[in-house]
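Everything below concerns the one structure shown next.
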Amino acid sequence: MRYNTGNPVGPDGSSSPFDLHDNSGVLDQFTNGDAAAYPDRLGRHRKSLAGMRVDFQQDQENRTAQFNALLSQSGFIDLGPYDGGPLTITAPNQMFSKDGAYWTPKPSLALPYTTLSDWTADRGNFINRGDAAVRTELYGALAKLDASSDKFLVDLHYGICKGVGYNGTGGERVTTTTSSVASGQSIPVADATGFVVGQLIVYLAGNGEYYTAVIAEVTGNTIAIQTPIEVYLDLGAEVGIFYVQESHATLMGYKAIADAALRQATKRFETIYTWTAQDSHILVGGAAESQFSDASYSNPGSSNQPALLFTAPGVGAGVSTAEISLPAGDYIARVFATPNLNGSATMVVSVSEVGIGAISYSALPAGQRPIMHEAFFRKSKKGRINVSLLSQQAGQSMAVSRIEIVRLTGFAKNLDRGVHVLLGDSWFAQPGIAQRLADRLPNATIINKGVGGNTAENLWLRFDTDVRPYNPDFVWVMCGTNDVAAGVSPELFYTGMGITSQYIGTTGATGIFFNCSVGAPNHPDYGDLLTPSRNYVINEDYIAQGQNAVLTTETYKAPINISVPAGSSKRILVPGFTKKPAILRRLYAVGQGGETTGNVRFGFGTSVTAVNEDIQTYALAELIRSDLAVPKVSQAQRFLIFEIQNTGSAEISVGGFIELEWSPAR
């Protein structure tokens, strides 16, 4: 029996024998109980030793099984251009180029196969690999480079712009609400002239921050938006158009970007898994699938990286990812999709664990424009999950381009301090973002280095002049609009942004990166800019949030998540050169199904294409190897390369991680 006196602790503790009796019971539960937590004598729950052991074990599993689908995709054999064919494909890792992208055979294609020189007939037999092969040969800033010791990614494309570019009349069009709006999707305004369906708008919420939304319908002076308002609106609140013209935002639009960036940059996430529409999937309930390749705002994909469009014959039909192995932890499934290409019901995102069933179930708001929906879920132990998108209405069609599994790894530093340098193009240079950040961060110094017309290459070329002298605490990076207009390939865009990321790392500053803006599908000067802007974002792996790979210190960390065809190998290149030996503090690599038919080879190379000096080989195994010496005989600069070999007769997916101590050449 507890007395529960409620006596305060006091400077010398309680002298009551009743409290002594209660404390002995609390101590007994703390040391010997099986529950994760118990109440102390004041009623506050305290973690028990059993709870601490569970937390520790979960943390250990999280550290030893990090998966990230944004790593190098090497190991392809280039057969040359499709238009130079016909080509004969005899192996699954052979590829060819077509329209600026690389293509490999689908697993279902019987090999050998000779192309028909008719792209309409051949296309369905191949998977678009984008610029995967090209990226494996880039050193300066590999597509997977994460050189900054601390960074955040702000989702401008889908998160702020909702996947929608310029649409309508443009201009600095602003009206006000005629009544307060507590919730819902209807906003009454004084004058809705110039506001049109499908347009991206901005509203000033009651908390003093700006938010964006897409117009679903305009009836008289009432604007209905695609998704419910995020925060209430006061009477007389401003409502305006986001885009002033095809390539730039209005003043309200820029303010909304600044506010959304400050909201997004409060948490740091680690990407564990990425699925795109070209990856394997399972149709559920008889759903029919096709490719959605229209150059339209309704398409969350693009014309050469199509979204997966599926139509559900009944309630509960849809599509599911393949099973994904995850350690214990708290996660978010991010779904990039257009919920309603027809039909009006909501779609459901279901996260299911094998052997348990649904562990998360949430609805996507109805609408005909892309959204980024987040479904939170928790895993109490290591296991396999899948993510399903399920219809709630017969005949409903939906398109999905990307699904990410991310894990919360930390929280932002205080942004209202120090020196912030804004490095970017005209979206920074024009009035709006810098001024809004200065208003929201009064204790910080904002230095605006936005230059109109800049591309990703321009940013790193002027970094030493425009950024480094200020010894910044934060560097904000925005680019992509001009790269898209200039026809810069994704691999060169990733390279430029990766180099900027590396340079930020050398200053010790925190990088805050915006992904690419949304291009217009019918720009009057450049034509279709929507497709290339989507392509930049769909395969956006030049920047990973968190500390997955740190170049500026002596530690390099990288997860492994690579599919390796039978009898083939794929490489992981540590970004940079070195002249010195290294120590492999931890190495874990095994097939995600437990396969051990392969090896990890590592050593040094004179180029990125092969490990040819000081080679060591370890078999794939379900064990963590520690403190392995990586000797280096030559004193010359060399690449440090890891290679995953598959010696078996079937393709395997290898997961794990690398933690390396090394001395990169400066």
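In this text, residue positions in the sequence shown follow UniProt numbering: the first is 1, and each later residue adds one. Quick reminder that beta carbons are idealized off the backbone N, C-alpha and C, glycines included.
#1: Does the region 466-482 come close enough to the region 415-428 to have 3 or more Cβ pairs within less than 8 Å?
#2: Which residues in the same chain as A438 place their Cβ atom closer than 7 Å to its Cβ, once the five residues preceding and following it in sequence are excluded?
#3: Taking its Cβ as the centre, do 16 or more other Cβ atoms sit within 10 Å of Q396, making it buried, or is it exposed?
#4: What span of residues does the alpha helix (DSSP H) with D473 cover, start to end?
#5: Rounding to the nearest angstrom, what Cα-Cα distance links G383 and S352 in this structure?
#6: How is G424 classed by DSSP in three states: helix, strand or coil?
#7: What is the DSSP secondary structure of T614, counted as helix, strand or coil?
#8: Straight-line CA distance for G591 to G124?
#9: Buried or exposed for Y232, going by 16 or more other Cβ atoms inside 10 Å?
#10: Measure how close the beta-carbons of T481 and D425 come, nearest whole angstrom, since I'm counting them as under 8 Å.
#11: Among all the DSSP beta bridges, which residues are the ones paired with K557?
#12: So H21 is in the alpha helix (DSSP H); what residue range does that whole segment cover?
#13: According to DSSP, simplified to helix, strand and coil, what is G498?
#14: With a CB to CB cut of under 8 Å and the five nearest residues on each side skipped, what residues in its chain are close to F577?
#15: Checking the sheet assignment: what are the DSSP bridge partners for F336?
#16: Closer than 6 Å by C-beta to S360: which residues in its own chain qualify, once you throw out the five before and the five after it? Chain order, please.
#17: Is it buried or exposed, A147, if we count other Cβ atoms within 10 angstroms and call 16 or more buried?
#18: Check whether the Cβ atoms of I644 and V600 sit closer than 8 Å, and answer yes or no.
#19: Measuring CB to CB, does L283 end up less than 8 Å from V319?
#20: Assuming G85 and S117 are in contact, meaning their beta carbons sit under 8 Å apart, how far apart are those beta carbons, in whole angstroms?
#21: I need the DSSP call for G10, collapsed to helix, strand or coil.
#22: Quick check: residue 667 and A213, are their CB atoms within less than 8 Å of each other?
#23: Using a threshold of 8 Å, state whether the C-beta atoms of G159 and M372 are closer than that.
#24: Going by C-alpha to C-alpha distance, which of P105, G285, R436, Q185 sits closest to Q392?
#25: Please confirm if S352 has its CB atom under 8 Å from at least one CB of chain B.
#26: Please report the distance separating the alpha-carbon of S325 from that of N535.
#27: Evaluate A328 with the Cβ neighbour count: other Cβ atoms within 10 Å of its Cβ, from every protein chain shown; 16 or more gives buried, anything less gives exposed.
#28: One question on the structure: do S401 and A307 come within less than 8 Å of each other, judged by their Cβ atoms?
#29: Does the region 201-215 touch the region 237-249, meaning 3 or more C-beta pairs lie closer than 8 Å?
#30: Roughly how many whole angstroms lie between the Cα atoms of I229 and R263?
#31: Which parts of the region 205-268 are runs of the alpha helix (DSSP H), unbroken and 4 residues or longer, counting only runs that do not cross its ends?
#32: Between Y113 and the rest of its own chain, which residues show a CB-CB distance below 6 Å, the 5 nearest in sequence each way excluded?
#33: Under a three-way DSSP split, which group does Y361 fall into?
#34: Would you mind giving the Cβ-Cβ distance between L530 and A295, rounded to the nearest angstrom? I have them listed as a contact below 8 Å.
#35: Note down the Cα distance separating G168 from R369, rounded to an integer number of angstroms.
#36: So, at 7 Å on beta carbons, what are the nonlocal neighbours of R173 in its own chain, with the 5 sequence-adjacent residues on each side left out?
Taking the definition as stated:
#1: yes
#2: Within the same chain, and ignoring the five residues on either side of A438 in sequence, the residues whose Cβ sits closer than 7 Å to its Cβ are I446.
#3: buried
#4: Taken as a continuous stretch (DSSP letters only), D473 belongs to no alpha helix (DSSP H), as it is neither H nor E.
#5: 11 Å
#6: strand
#7: Checking the sequence, you will find Asp at residue 614 rather than Thr. D614: strand per DSSP, three-state reduction.
#8: Rounded to whole angstroms, G591 to G124 spans 29 Å at the Cα level.
#9: Note on Y232: under 16 other CB atoms within 10 angstroms of its CB, so exposed under the neighbour-count rule.
#10: 6 Å
#11: Answer by DSSP bridge pairing, in chain order: E659.
#12: 17-32
#13: Of the three classes helix, strand and coil, the one that applies to G498 here is helix, per DSSP.
#14: Q637, R638, F639, P664, A665
#15: M372, R402
#16: V351, A375, F377
#17: Residue placement at A147 is flagged as unreliable, the pLDDT there being 35, under the threshold of 50; a coordinate-derived value is accordingly withheld.
#18: yes
#19: yes
#20: 5 Å
#21: coil
#22: Within the shown structure, residues of the chain are numbered from 1 to 666, placing residue 667 beyond reach of any answer.
#23: yes
#24: G285
#25: The chain inventory of the structure shown lacks chain B, comprising one protein chain alone.
#26: For S325 and N535, the distance between alpha carbons rounds to 27 Å.
#27: buried
#28: Yes, they are a contact pair.
#29: yes
#30: 16 Å
#31: 251-264
#32: I89
#33: It is a strand residue.
#34: 5 Å
#35: 15 Å
#36: G194, G240, I241
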